[in-house]
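> Okay, so the sequence shown: first residue is 16 according to my numbering, each after it adds one.
Every residue, glycine too, gets a C-beta built ideally from N, C-alpha and C.
If you're wondering where the values come from, they're calculated on a predicted model, not measured in any experiment.
Once you've had a glance at the structure underneath, I'll fire off some questions.
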Amino acid sequence: MKLGQLSVNETGIITKVNADSRFKERLHSLGFIKNNSVKLIMHGRKKEISVYEIYNGLVALRKEDAELIEVDVR
16 MKLGQLSVNE TGIITKVNAD SRFKERLHSL GFIKNNSVKL IMHGRKKEIS
66 VYEIYNGLVA LRKEDAELIE VDVR
């Protein structure tokens, strides 16, 4: 499942980041690393931007960027 498909307050475990090396590095620096837990906190207007909790911090991602991250829901 893609990160962008999580429901509000749903948690997933990152299984893969499908981005070019430069953007993947940026996502890794924010905590989007395989086996990390990530929770969808809220969507912005029109669901174009969503806020995720990772490492007790909040990160906003665009919809197209969230689609690059695969998660398993447990």
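(1) Measuring straight from C-alpha to C-alpha, what distance separates ILE28 and LYS61?
(2) Quick one: complete alpha helix (DSSP H) runs, 4+ long, within the stretch 36-73?
(3) Going by C-alpha distance, which of VAL66, TYR70, VAL86, GLU85 is nearest ARG77?
(4) Could you check how far apart the C-beta atoms of LEU73 and ASN24 are, in whole angstroms? I think they sit under 8 Å.
(5) Measure the alpha-carbon distance for LYS39 versus SER52 and round it to whole angstroms.
(6) Checking 9 Å against the spacing of the C-beta atoms, do GLU85 and LYS17 come in under that value?
(7) When DSSP labels each residue in this structure, what does ALA81 get in the three-state scheme?
To lay it out plainly:
(1) Translated into positions along the sequence shown, residue 28 becomes position 13. Translated into positions along the sequence shown, residue 61 becomes position 46. When rounded, the distance between both Cα atoms is 25 Å.
(2) 36-44
(3) If you number the sequence shown from 1, residue 77 lands on position 62. Considering only VAL66, TYR70, VAL86, GLU85, the residue with the shortest C-alpha distance to ARG77 is VAL66.
(4) Along the sequence shown, one-based indexing puts residue 73 at 58. Along the sequence shown, one-based indexing puts residue 24 at 9. That pair is no contact at about 14 Å.
(5) The sequence position of residue 39 within the sequence shown is 24, counting from 1. The sequence position of residue 52 within the sequence shown is 37, counting from 1. Approximately 17 Å, taken between the alpha carbons.
(6) Within the sequence shown, numbered from 1, the residue matching residue 85 stands at position 70. Within the sequence shown, numbered from 1, the residue matching residue 17 stands at position 2. Result yes, Cβ atoms of GLU85 and LYS17 sit closer than 9 Å.
(7) In the sequence shown, the residue the question calls residue 81 occupies position 66. ALA81: helix per DSSP, three-state reduction.
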